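Going left to right, the sequence shown walks through residues 243 to 1096 as the numbering used here numbers them. From the three backbone atoms N, C-alpha and C, an ideal C-beta is built for every residue, glycine too. Just so you know, these numbers come straight off a predicted model, no measurement behind them. Note sheet for the following structure.
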Amino acid sequence: MAADAPPPLLSPMEAALAGLLHDIGKLAQRAHADERALREAYGGDLAGTEAAILPLRDGRYTHRHALWSDFAIREAERQRLRWPVEVNGARLAAVAVRHHDPRHDDPADWILAEADRLASGLERKEKDEAEEAQGVRLREREQRALLPAIAIGRGAAPGAMWHPAEEASPEALLPRPPAPRDQPRCYGRLWADWQAGFLGFGQHGLSAHRFERALLGLSERLLWAVPSSTVDQPDVPLHEHARAVAAIAAALTAWHAARGATEVAAVKDRRTPKFRLAALDLSGIQAALFRLDGRGGASRILRARSFLMGQTVEAALHLLLGRLGLPFSSVLLNAGGKAELLLPDLPDLDTRLEAVRAALDGWMVAHWQGDLALILAAGPPFAAEQFLPRGQDGAVAEGYRQERAKLAAALDAAKLRPLAGWSGGFLGTGVIPAPFDAAHGACASCGVRPAVAQTPLDGAWRCRVCDAAYRLGQRLPKAEGFALLEATAEAAEAPAALPGGLRLAPWPERGAAARASHAFTRAEAGSAVFRAPAYVPLVADPADRRYDHAGIPAEDRNATGDLMTFAQIGAEALETVERDGIVGRDLLGILKADVDFLGRVFADGLGRDRSPARVAQLSRLLDGYFTERLPWLLSRDFPATYTVYAGGDDLLLIAPWRFALPLALRLREDFVAFAGGNPNLTLSAGVAFVHPKHPLALAVKEAEEALEAAKTGGRDRLGVFGRVLRWESLHATLDLAEALNRAVREEHLPPTFLHRMRWFAARRRLAESAETEATRPETEPRARTGRAPIREDAVRAADWNPKWRYQEARFLDRAPSEAREGLRALLLRALPPPCQATEADAEIAMTIALWRNR
243 MAADAPPPLL
253 SPMEAALAGL
263 LHDIGKLAQR
273 AHADERALRE
283 AYGGDLAGTE
293 AAILPLRDGR
303 YTHRHALWSD
313 FAIREAERQR
323 LRWPVEVNGA
333 RLAAVAVRHH
343 DPRHDDPADW
353 ILAEADRLAS
363 GLERKEKDEA
373 EEAQGVRLRE
383 REQRALLPAI
393 AIGRGAAPGA
403 MWHPAEEASP
413 EALLPRPPAP
423 RDQPRCYGRL
433 WADWQAGFLG
443 FGQHGLSAHR
453 FERALLGLSE
463 RLLWAVPSST
473 VDQPDVPLHE
483 HARAVAAIAA
493 ALTAWHAARG
503 ATEVAAVKDR
513 RTPKFRLAAL
523 DLSGIQAALF
533 RLDGRGGASR
543 ILRARSFLMG
553 QTVEAALHLL
563 LGRLGLPFSS
573 VLLNAGGKAE
583 LLLPDLPDLD
593 TRLEAVRAAL
603 DGWMVAHWQG
613 DLALILAAGP
623 PFAAEQFLPR
633 GQDGAVAEGY
643 RQERAKLAAA
653 LDAAKLRPLA
663 GWSGGFLGTG
673 VIPAPFDAAH
683 GACASCGVRP
693 AVAQTPLDGA
703 WRCRVCDAAY
713 RLGQRLPKAE
723 GFALLEATAE
733 AAEAPAALPG
743 GLRLAPWPER
753 GAAARASHAF
763 TRAEAGSAVF
773 RAPAYVPLVA
783 DPADRRYDHA
793 GIPAEDRNAT
803 GDLMTFAQIG
813 AEALETVERD
823 GIVGRDLLGI
833 LKADVDFLGR
843 VFADGLGRDR
853 SPARVAQLSR
863 LLDGYFTERL
873 PWLLSRDFPA
883 TYTVYAGGDD
893 LLLIAPWRFA
903 LPLALRLRED
913 FVAFAGGNPN
923 LTLSAGVAFV
933 HPKHPLALAV
943 KEAEEALEAA
953 KTGGRDRLGV
963 FGRVLRWESL
973 HATLDLAEAL
983 NRAVREEHLP
993 PTFLHRMRWF
1003 AARRRLAESA
1013 ETEATRPETE
1023 PRARTGRAPI
1033 REDAVRAADW
1043 NPKWRYQEAR
1053 FLDRAPSEAR
1063 EGLRALLLRA
1073 LPPPCQATEA
1083 DAEIAMTIAL
1093 WRNR
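Encoded structure:
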């Protein structure tokens, strides 16, 4: 290298690792009451290290957390940390710790410094440094919870709530009100766990990709509730800030290397477009997921299909990033079948993206035959200044929101041309040729794609996707994790093919050869990244008497420890009562729910600060609720529930019908706690009840229609039985249903009379709907308002009250004297006089009680 040449750039991977580690000193600093550990580690060299790393202001060295970052990395190296062979560990570590005092001639230093400033939108203020100098309050500051502060004009947000510095867990996701907690001790525990976790994978000689993924997983697990800034923006966690820095640093490094612009002045240039946002979106999920021919094994195939769809996106990300030479840190968001990435605006980026699109479309056609598509789109180039404050109100990263809106428009346009990169050629206006073997015909599971593989487990011939799903479905519930392997892996051990030549194997670890490794439990995950599995129910006893009562043949029951069939799940709704034996109906409840006004929440809910880190945090928290807290909730309180999918902002669950409505109510109550009671962040749901043999696609459509009714009816509601209930009404309805059920079980309320009561409840509802229509003020002619005329049957129903009172009196006269007053109160509660409002839906409550005692 010539004497006047600048120091070399890092690689994009090295820049990402430097970004992930640059602020780890903030955790180390807060874990220590003073700097004795630094003095012991550096000895007489402390002053020299300060001068080499820290900026000097007003006669003192500031930003001392950078010194602690150097300490953290040195301690790991002293304990035999092995950097991946593809990276220069000493060089990236030096760049990481100089991000507040970059050397004047080192473009790599300035790239990381710029990334640090751009990621936060320059939100860090001098108050943080003043507090660091005092060295007290920064050790006590908790992470301010983001969700209670979301505001989209649907009510006043609650007061500040907090997350103490704890390891990520389902319980820790709930924000807490201010309360005395020993935050310094919490920091101490996290620091010890971080050191152990870093060395736990850092001593194995992993590839750079595995090392980076393990570091990302450790960061998300331990740094999610450690505030990056303790004063000015304590709601941005260290994990999200570091990940945003890593993404920006990798993109800047790749751009400057490709353009040959390695001067520091070029790095500081914020007006030249250097970035592009890109997105991958899995399209057609619902249609492809529920394409089943009804020949059995649906629960096994459905669970594995949903899992494979998620891993298809993961493999596509590996393919895209590999073609562009970028680390996984470039992925800003990845949830619910959609990923968002920050890319460098390379000279040939569009050509490379077209090549990736062609490879993905070709794979999707070969495996899914048009049922499913991966949409790849990119927004226009933009400059670094888009990350920074704009406008007189000081809105942070308003430009970044504009770029995300442009990406969304590009994605919508790309969705109009799915599989456009496929070179095979459509027949006519969009038909994909799929030759069938006459001997094997269509797939035994989906019934539409050509059968090309014989599944060893049952001998049936299936398409590639369903064959992999059937074999995976047997092993996933018992697996400890999974790995993505190169294409050379044997199909027997890695049955599922994925885009980019990867295969999926249901094991937690596959050594350094695995492209990625994921564990389903946090304990001793090692280099595997933790990923909570979707909850599914397993068979406890195949000889359960309820299965006999439901008429499930022995050959159609899965064995102990296997996944329950849908018929077995339906039978879980049956109850054993002392007088009548097994009673009830063996039906399923299909529950679909999602977050209300999600577009507005992301567009406006963050207020004036829309930095990449805060957008990513909002996405991660919502996804974390559905992927981690929901399985915990189901396993604890609703263990017979089957998760079809849950992630991003929505879920689809299949439960025994008797538990579906209590589950919906519990889910809503728990989501309210998760949002800190914020009325701006709510959940709507829809429930449909079906027989286990009912076509699943139709059942899901019914639940979808119920959810849409809840949305149309005002949101933050439940659609069920063709009606829309407020959550408070559902609570009262379930209470009434339980009271009615108890009266039936105690033989005080005959089911025949309860049937009669339900008829009167329907008449009351019909009459009251007519009264509401008749008394509604009409400011325009009826023909213009579109108001339907009052139905004749509604008029005839108006006499329900005197007829019911007659029936009620006769019933109470014949009731046992000791139960009469209790029954009188119950009947009045179920069918009060017309002038008396009631929160419960009596008709639904009576239906529940009748179904439970059939």
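- When DSSP assignments are scanned along the segment 836-884, no uninterrupted stretch of beta strand (DSSP E) that is 3 or more residues long falls wholly within it.
- Excluding the 5 residues flanking it on each side, Leu-876 has same chain C-beta neighbours closer than 6 Å at Tyr-777 and Thr-883, in chain order.
- Rounded to the nearest angstrom, the Cβ distance from Ala-774 to Ser-759 is 15 Å, too far for a contact under 8 Å.
- In its chain, beyond the 5 residues on either side, Leu-251 have a beta carbon closer than 6 Å to the beta carbon of Ala-499.
- Ranking Phe-913, Asn-920 and Gly-768 by CA distance to the CA of Gly-442 puts Gly-768 first.
- When rounded, the separation of the alpha-carbon atoms in Asp-343 and Glu-645 is 30 Å.
- Inside the segment 584-668, DSSP marks whole beta strand (DSSP E) runs of 3 or more residues at positions 615-620, from first to last along the chain.
- In the three-state reduction of the DSSP assignment, Ile-353 falls in the helix class, which pools H, G and I.
- Bridge partners of Ser-759 according to DSSP: Ala-725.
- For Leu-563, the enclosing alpha helix (DSSP H) covers residues 540-566.
- Per the Cβ contact rule, the segment 506-517 is not in contact with the segment 429-439 (fewer than 3 Cβ pairs under 8 Å).
- Nearest C-alpha to Thr-807 among Leu-544, Ile-266 and Glu-382: Leu-544.
- Nearest in C-alpha terms to Arg-383, of all of Ala-421, Val-337 and Pro-400, is Ala-421.
- Per DSSP, Asn-576 is one residue of the beta strand (DSSP E) stretching across 573-577.
- Per DSSP, the continuous beta strand (DSSP E) segment holding Arg-518 begins and ends at 515-525.
- For the pair Glu-944 and Ala-540, the Cα-to-Cα distance works out to about 19 Å.
- Residues of the same chain with a CB within less than 6 Å of the CB of Ala-350, apart from the 5 flanking positions on each side, are Leu-251, Leu-252 and Val-337 in chain order.
- Distance from the Cα of Leu-465 is smallest, within the candidate group Asp-265, Glu-413 and Gln-528, for Asp-265.
- For Ser-525, the CB contacts under 8 Å within the same chain, skipping 5 residues up- and downstream, are Leu-614, Ala-615, Leu-616, Ile-617, Lys-657 and Pro-660 in chain order.
- Gln-1078 and Glu-947 have their C-alpha atoms spaced approximately 31 Å apart.
- Just measuring C-alpha positions, the residue of Pro-741, Ala-693 and Arg-278 sitting nearest Trp-605 is Pro-741.
- Contact annotation: Glu-911 and Ala-1004 have beta-carbon atoms that are not nearer than 7 Å.
- Closest in C-alpha terms to Leu-354, from the list Arg-485, Pro-426, Gln-425 and Pro-412, comes Arg-485.
- Ala-695 and Ser-548 have their C-alpha atoms spaced approximately 20 Å apart.
- Cα atoms of Pro-992 and Val-986: separation of roughly 6 Å, rounded to the nearest angstrom.
- Taking a C-beta distance under 7 Å as the contact criterion, Gly-812 and Leu-830 qualify as a contact pair.
- The Cβ atoms of Leu-1092 and His-990 lie no closer than 7 Å to each other.
- Cβ neighbours of Ala-270 within its own chain (closer than 7 Å, five residues either side excluded): Trp-310, Phe-313, Ala-314 and Trp-433.
- The Cβ atoms of Ala-915 and Leu-905 lie no closer than 7 Å to each other.
- With contacts defined by Cβ atoms closer than 7 Å, Thr-697 and Arg-704 form a contacting pair.
- Per DSSP, the beta-bridge partners of Phe-772 are Ala-761.
- Cβ-Cβ distances below 7 Å link Met-999 to Ala-1072, Leu-1073 and Met-1088 in the same chain, with the five nearest sequence neighbours on each side left out; the list follows chain order.
- The beta-carbon distance between Pro-586 and Lys-516, rounded to whole angstroms, is 6 Å. This is short enough to meet the 8 Å contact definition.
- Leu-940 has its alpha-carbon roughly 26 Å from the corresponding atom of Arg-788.
- Under the three-state reduction of DSSP, Gln-425 is assigned to helix.
- Collapsing the DSSP output to three states places Asp-276 in coil.
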